[in-house]
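*Asks:* One structure is given below, represented as structure tokens, and several questions about it will come after.
Numbering (my numbering), first residue to last: 1 to 441.
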């Protein structure tokens with residue numbers, strides 16, 4: 001009994017391990033290192049492109065709850081992240097190279113997984129999980145489109161990554177160490193602005209020259225969660241000051257006061273030799289990035305080891321095409337996983353791979369796949385993305401985990417800490433419901 005998994009990103013690795021751990025022989029196809037997408041550079045599996053953060057660690061947060069559910073489902077991504085994490089306050093961030101290496105080790109060491117370094121160009125007919133990601137190769141994307149016919153409409157949105165600078169090039173007489181409200185330890189460096197410094201920076205940012213897009217990348221529909229900082233800045237002079245440059249929870253030790261605005265830098269690796277500019281996804285020309293971002297106080301002499309890039313992300317109309325287990329309707333066990341389904345984010349991508357791999361394994365073993373209740377974060381996300389109608393195209397935007405996806409509680413939570421207590425109650429309900437569902441299998 002053999003299954004095919006196409007793509008060794010976050011979702012593909014999760015799907016392959018889920019299948020293999022249930023005794024299914026897996027052929028895992030990955031076109032790297034023979035061929036790379038425009039955004040990928042590293043040969044290892046589960047390469048993190050935009051950021052090294054897997055978002056909040058607390059279970060009373062949306063992504064923290066999702067990771068808790070994934071651990072209950074046997075997530076290889078969560079296992080590797082715990083082994084390679086770096087300090088990041090209340091977030092789970094990883095040394096991205098060590099993380100990729102650990103996922104690769106786990107996958108390659110599984111005796112039921114055979115890795116095949118080839119690009120797949122033909123749509124599989126059965127017993128497969130397609131996890132080719134938001135940067136699916138042109139040849140395979142064309143194959144998918146032909147398979148879907150009129151229902152195979154693709155929608156594009158754009159994703160952007162933030163620059164990375166060396167730690168020793170940051171001016172520590174200006175940049176100070178602090179997490180917002182002193183939560184989670186001193187895991188961030190902060191570059192504070194005065195009002196005059198901010199206004200000069202904003203003026204240069206909004207008139208900076210963007211990188212030229214390929215013809216097929218023009219007229220982008222930019223996903224809000226990955227909005228390039230220069231695009232956000234053009235919405236108004238205070239837009240970034242209330243966004244990625246918000247100064248709340250920070251005190252500049254030079255003045256004893258909150259800065260007018262601030263740029264936060266987060267460790268990029270365990271050694272702390274590199275930092276990324278939090279929230280500064282961009283598609284400015286490299287020279288413009290150097291010029292404008294060097295105006296950030298403390299980064300006047302920064303050494304940029306990677307500039308931000310912008311690339312096209314592609315996803316299918318899952319609401320029309322996929323069932324609640326990410327299986328292509330009417331197919332012979334052909335599943336999809338990852339951001340090509342329209343889930344948004346590293347963790348969400350990996351989680352969808354778990355469900356797709358698990359469901360395919362169950363079907364091959366003659367079992368009924370699990371259906372997650374919508375009181376769980378993953379179940380609610382699946383409800384948003386998949387199986388809305390049968391017969392016509394249902395358009396939607398990519399969606400990441402958020403507490404707004406969950407059905408409300410009957411109890412009301414009032415007072416200063418009401419929101420926090422509500423989120424905790426939602427998380428407790430989700431984990432209890434998932435445990436109950438798993439015990440049924």
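Cβ atoms here follow ideal geometry from the backbone N, Cα and C, with glycine treated the same way.
Here the structure is a predicted model, which means the values were calculated and not measured.
For the 8 Å Cβ check, are there 3 or more pairs between the segment 189-198 and the segment 308-327?
*Replies:* The segment 189-198 vs the segment 308-327: no contact.
*Asks:* Name the residue from 286, 125, 96, 291 whose alpha carbon lies nearest to the alpha carbon of residue 41.
*Replies:* Cα-wise, what sits closest to residue 41 is 96.
*Asks:* Whose CA, out of 242, 43, 432, 78, lies closest to the CA of residue 346?
*Replies:* The shortest C-alpha separation from residue 346 is found at 78.
*Asks:* Mind checking residue 1: buried by the 16 CB within 10 Å criterion, or exposed?
*Replies:* With fewer than 16 Cβ atoms within 10 Å of its Cβ, residue 1 is classed as exposed.
*Asks:* For residue 434, which option in 370, 175, 27, 31 has the closest C-alpha, if you only look at C-alpha atoms?
*Replies:* Minimum Cα distance to residue 434 is reached at 370.
*Asks:* I need the straight-line Cα distance from residue 235 to residue 160, nearest angstrom please.
*Replies:* Whole-angstrom Cα-Cα distance: 18 Å.
*Asks:* Can you give me the start and stop residues for the alpha helix (DSSP H) that residue 197 sits inside?
*Replies:* Counting along the chain, the alpha helix (DSSP H) containing residue 197 begins and ends at 195-207.
*Asks:* Return the CA-CA distance between residue 92 and residue 286, expressed in angstroms with no decimal places.
*Replies:* Those two C-alpha atoms are separated by around 29 Å.
*Asks:* What number of angstroms, rounded off, separates the C-alpha of residue 170 from the C-alpha of residue 310?
*Replies:* About 25 Å.
*Asks:* If you run the structure through DSSP and keep just helix, strand and coil, what is residue 219?
*Replies:* In this prediction, residue 219 scores a pLDDT of 49, lower than 50, which makes its location untrustworthy; no coordinate-derived value is stated.
*Asks:* Look at the Cβ atom of residue 205, then the Cβ atom of residue 263, and state whether they are nearer than 8 Å.
*Replies:* No, the Cβ-Cβ distance between residue 205 and residue 263 is not below 8 Å.
*Asks:* Residue 135: buried (16+ other C-beta within 10 angstroms of its C-beta) or exposed?
*Replies:* Residue 135 should be labelled buried.
*Asks:* Would you check if the distance between the CB atom of residue 11 and the CB atom of residue 338 is smaller than 8 Å?
*Replies:* Cβ distance < 8 Å, so residue 11 and residue 338 count as in contact.
*Asks:* How close, in whole Å, do the beta carbons of residue 316 and residue 340 come, if the pair is a contact with beta carbons under 8 Å?
*Replies:* Indeed, because the Cβ distance is near 6 Å, the residues count as touching under 8 Å.
*Asks:* Give the DSSP bridge partners of residue 261, in chain order.
*Replies:* Bridge partners of residue 261: 193.
*Asks:* With a cut-off of 8 Å, do at least 3 Cβ pairs link the segment 72-89 to the segment 103-112?
*Replies:* Output reads yes: the segment 103-112 touches the segment 72-89.
*Asks:* Does DSSP put residue 348 in a helix, a strand or coil?
*Replies:* Of the three classes helix, strand and coil, the one that applies to residue 348 here is helix, per DSSP.
*Asks:* What span of residues does the alpha helix (DSSP H) with residue 4 cover, start to end?
*Replies:* Element bounds for residue 4: not the alpha helix (DSSP H) but the beta strand (DSSP E), 2-6.
*Asks:* Helix, strand or coil: how does DSSP classify residue 242 here?
*Replies:* In the structure shown, residue 242 sits in coil (DSSP, three-state: anything other than H, G, I, E or B).
*Asks:* Judging by CA-CA distance, which residue of 245, 276, 250, 366 is the nearest neighbour of residue 261?
*Replies:* Taking only the C-alpha atoms, the option nearest residue 261 is 245.
*Asks:* In whole angstroms, give me the CA-to-CA distance for residue 296 and residue 344.
*Replies:* Between residue 296 and residue 344, the C-alpha separation is close to 30 Å.
*Asks:* What separation, rounded to the nearest whole angstrom, lies between the Cα atoms of residue 299 and residue 290?
*Replies:* Computed Cα separation, rounded: 10 Å.
*Asks:* Going by other Cβ atoms of all chains shown within 10 Å of its Cβ, with 16 needed for buried, is residue 278 buried or exposed?
*Replies:* Classification of residue 278: buried, given that the 10 Å Cβ count is 16 or more.
*Asks:* For residue 8, which option in 349, 395, 426 has the closest C-alpha, if you only look at C-alpha atoms?
*Replies:* Minimum Cα distance to residue 8 is reached at 349.
*Asks:* Distance check for residue 83 and residue 4, CA to CA, integer angstroms please.
*Replies:* Roughly 28 Å between the two C-alpha positions.
*Asks:* Taking the alpha carbon of residue 177 as the reference point, which residue from 183, 69, 147, 189 has its own alpha carbon closest?
*Replies:* Minimum Cα distance to residue 177 is reached at 189.
*Asks:* Figure out for me which residue from 401, 172, 51 has the closest Cα to the Cα of residue 253.
*Replies:* Of 401, 172, 51, the residue nearest in Cα terms is 172.
*Asks:* Would you say residue 164 and residue 268 are within 8 Å of each other, going by their C-beta atoms?
*Replies:* Contact: yes.
*Asks:* Using C-beta distances below 7 Å, list every residue in its chain close to residue 131, excluding the 5 sequence neighbours before and after it, in chain order.
*Replies:* If we look at residue 131 and ignore the five residues flanking it on each side, its Cβ neighbours are 5, 6, 7, 9, 11, 12, 15, 337, 338, 353.
*Asks:* Measure the alpha-carbon distance for residue 21 versus residue 403 and round it to whole angstroms.
*Replies:* Residue 21 and residue 403: Cα-Cα distance of roughly 31 Å.
*Asks:* If the criterion is Cβ atoms closer than 8 Å, does the pair residue 233 and residue 19 meet it?
*Replies:* Not a contact, by the Cβ cut-off of 8 Å.
*Asks:* If you follow the beta strand (DSSP E) that residue 93 is in, where does it begin and where does it stop?
*Replies:* Element bounds for residue 93: 91-94.
*Asks:* Assign residue 248 to one of two classes, buried (16 or more other C-beta atoms within 10 Å of its C-beta) or exposed (fewer than that).
*Replies:* Exposed: under 16 other Cβ atoms inside 10 Å.
*Asks:* Should residue 237 be labelled buried (16 or more other beta-carbon atoms within 10 Å of its own) or exposed?
*Replies:* With fewer than 16 Cβ atoms within 10 Å of its Cβ, residue 237 is classed as exposed.
*Asks:* What would DSSP say about residue 365, mapped onto helix, strand or coil?
*Replies:* Note: residue 365 maps to coil in three-state DSSP.
*Asks:* Going by DSSP, name the residue or residues bridged to residue 27.
*Replies:* Answer is 4, 114, bridged to residue 27.
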